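> Quick one: the structure is below, questions incoming.
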Amino acid sequence: MLSAHSVQQRSANLVPLFKSEYTITLVNLLKRIDKNIYPLISMVGLPDNILEGKHTYVPEAPVINLLELLYEKSGQKKFGELIWYACRNVFIPRYISHIKQACTLKEAIKAFISYMHHESTHTHIQLRSLVGKTWFIRDRKQTMEHSHHLAEQFALIFMVELVRGLTRSDWSPKDVVMKYDNRQALKEALMLKSTGFYTERSICAISFSDEEIEQKVNLKSSWDRDETKTTTPTAPVNFLHSFKDAISPYISMGKIPITQAALILNMSVRTLQRRLADEKASYSEVVAEIIYGQAISLMSDKGIPVTRISSTLGYSDVSHFSRAFKRMTGQSPRAYRKSLA
């Protein structure tokens with residue numbers, strides 16, 4: 005299990021990522037408001053094929069853009085209701101399915117924290133005893149350019165609904181600590197009545213009494229995890245790994261210039277080049293490696309024409325792809341497919 009220090013140190017060096025499966029849920033929420041979804045997907049900077057669910061992660065920056073667009077189109081009250089719905093019916097059941105042997109709420113939250121630190125690249129969460137109470141704390145180690153309040157609202161709705169999913173559906177925290185004053189939005193979304201709010205803090209957190217944190221949890225049988233399912237991929241451990249995960253969904257729809265990649269990742273071209281150079285890599289080399297892996301994967305399916313593979317990977321002419329593939333593998337596409345037989 006990673007220590008708090010190692011999680012924080014690792015997160016400072018990674019591209020912030022978000023699970024694609026959860027991004028798809030947010031896109032589907034937006035579809036409730038606007039059926040013409042594909043221009044909106046492009047507008048926020050998500051890969052055009054996001055709904056196909058082929059990738060584990062996407063960069064976080066476009067997901068924040070997505071939250072912002074959802075907020076603009078739905079309004080404060082409806083936005084909170086949509087996020088609440090997604091947390092209660094999609095996100096929380098999936099996370100609780102990974103909690104197996106917890107008896108108390110404290111044990112269950114600790115198991116959740118361990119799982120989150122296993123898959124997340126940038127968010128640090130913890131349980132701490134302070135001022136006579138136990139606090140469930142979310143501390144973000146990388147800043148965002150905009151929509152901080154929406155991300156914090158999302159996090160707090162998630163945290164409260166996690167506890168409700170483990171205990172009872174009408175549970176409410178005694179105290180909520182947060183940076184931005186979103187108390188009205190949270191009250192409406194979570195139907196809170198007697199919760200105290202404390203704003204302008206550096207973190208967001210909810211409190212538990214000793215009795216609450218030691219209560220027995222209710223792991224619903226419908227949330228038991230199927231042992232035959234594949235295990236969740238481990239989150240990236242360095243910048244290069246996280247960069248590949250972040251950019252792969254976009255390259256699968258065709259090669260993109262470094263200027264576009266930098267924009268997607270919310271950093272300057274110079275910063276991106278420097279970060280890659282620190283790990284003895286260049287943008288062109290990384291892109292070539294990703295394209296190689298995707299080309300091999302596509303070529304292994306003989307039902308996909310080479311012309312389709314060529315255009316999918318961003319080549320203007322199939323002959324250009326054939327020459328590039330031969331440089332990568334030492335074989336022409338036709339010879340490579342014959343060798344598979």
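Numbered according to the working numbering, the sequence shown spans residues 5 to 345. For every residue, glycine included, the Cβ atom is placed at its ideal position computed from N, Cα and C. Given the structure is predicted, the values throughout are model-derived calculations rather than measurements.
(1) When burial is assigned at 16 or more other CB atoms within 10 Å of the CB, is residue 249 buried or exposed?
(2) How big is the Cα-Cα spacing for residue 94 and residue 164?
(3) For the beta strand (DSSP E) containing residue 122, name the first residue and the last one.
(4) At which residues does the beta strand (DSSP E) containing residue 84 begin and terminate?
(5) Where does residue 226 land, buried or exposed, given buried means 16+ other C-beta within 10 angstroms?
(6) Pull up the distance between the alpha-carbon of residue 17 and that of residue 277, whole angstroms please.
(7) For residue 128, name the three-state secondary structure that DSSP assigns.
(8) Can you give me the C-alpha to C-alpha distance between residue 322 and residue 78, rounded to a whole angstrom?
(9) Give me the Cα-Cα distance between residue 180 and residue 189, rounded to the nearest whole angstrom.
(10) Taking only the alpha-carbon atoms, compute the straight-line gap between residue 255 and residue 200 and give it to the nearest angstrom.
(11) Determine the extent of the beta strand (DSSP E) in which residue 142 is found, giving its start and end residues.
(12) Taking DSSP as the reference, what is the three-state secondary structure of residue 99?
(13) Considering only their Cβ atoms, is the gap separating residue 96 from residue 34 smaller than 8 Å?
(14) Could you check what DSSP says for residue 282 in three-state terms: helix, strand or coil?
(15) If you draw a straight line from the C-alpha of residue 345 to the C-alpha of residue 308, how long is it?
(16) Does the beta-carbon of residue 283 have 16 or more other beta-carbons within 10 angstroms, so that it is buried, or is it exposed?
(17) Give me the Cα-Cα distance between residue 42 and residue 89, rounded to the nearest whole angstrom.
(18) Which class does residue 23 belong to by DSSP, given the choice of helix, strand or coil?
(19) How should residue 136 be labelled, buried or exposed, when 16 other C-beta atoms within 10 angstroms of its C-beta is the threshold for buried?
(20) Can you tell me whether residue 94 is helix, strand or coil according to DSSP?
(21) Which one of 182, 245, 215 has the shortest CA to CA distance from residue 171?
(22) When the Cα atoms are used, what is the spatial distance from residue 50 to residue 62?
(23) For residue 108, which residues of its own chain have a beta-carbon under 6 Å away from its beta-carbon, when the five flanking residues on both sides are left out?
(24) Check whether the Cβ atoms of residue 21 and residue 246 sit closer than 8 Å, and answer yes or no.
(25) If I measure Cβ to Cβ from residue 324 and keep anything under 8 Å in the same chain, skipping five residues before and after, which residues do I get?
(26) Are the beta-carbon atoms belonging to residue 65 and residue 242 less than 8 Å from one another?
(27) If you run the structure through DSSP and keep just helix, strand and coil, what is residue 319?
(28) Pick from 185, 193, 220, 210: whose alpha carbon is nearest that of residue 204?
In this structure, then:
(1) Classification of residue 249: buried, given that the 10 Å Cβ count is 16 or more.
(2) The straight-line gap from Cα to Cα measures roughly 14 Å.
(3) It is not in any beta strand (DSSP E) - residue 122 instead sits in the alpha helix (DSSP H) that spans 109-123.
(4) Counting along the chain, no beta strand (DSSP E) covers residue 84; the unbroken alpha helix (DSSP H) around it starts and ends at 80-90.
(5) Bear in mind that a pLDDT of 41 at residue 226, under 50, signals an unreliable position, so the number given afterwards is only what the model happens to contain. So residue 226 counts as exposed.
(6) Cα to Cα, residue 17 sits roughly 14 Å from residue 277.
(7) Residue 128: strand per DSSP, three-state reduction.
(8) Distance from the CA atom of residue 322 to the CA atom of residue 78, rounded to whole angstroms, is 45 Å.
(9) Between residue 180 and residue 189, the alpha-carbon positions lie close to 13 Å from each other.
(10) Distance between the alpha carbons of residue 255 and residue 200 is about 47 Å.
(11) For residue 142, the enclosing beta strand (DSSP E) stretches over residues 137-144.
(12) Collapsing the DSSP output to three states places residue 99 in a helix.
(13) Going by C-beta atoms, residue 34 is not nearer than 8 Å to residue 96.
(14) Reduced to three states, the DSSP call for residue 282 is helix.
(15) Cα to Cα, the separation comes out at about 15 Å.
(16) Using a 10 angstroms sphere on the CB of residue 283, the tally of other CB atoms stays under 16, which defines it as exposed.
(17) Distance between the alpha carbons of residue 42 and residue 89 is about 23 Å.
(18) DSSP places residue 23 in the strand class (E or B) of the three-state scheme.
(19) Residue 136 is exposed by the Cβ-count criterion.
(20) Residue 94 falls in the helix class under three-state DSSP.
(21) Distance from the Cα of residue 171 is smallest, within the candidate group 182, 245, 215, for 215.
(22) The alpha-carbon separation between residue 50 and residue 62 amounts to approximately 8 Å.
(23) Taken in chain order, the residues that qualify are 218.
(24) Yes. Within cutoff.
(25) Excluding positions up to five away in sequence, the list reads 314.
(26) No, the Cβ-Cβ distance between residue 65 and residue 242 is not below 8 Å.
(27) In the structure shown, residue 319 sits in coil (DSSP, three-state: anything other than H, G, I, E or B).
(28) It is 185.
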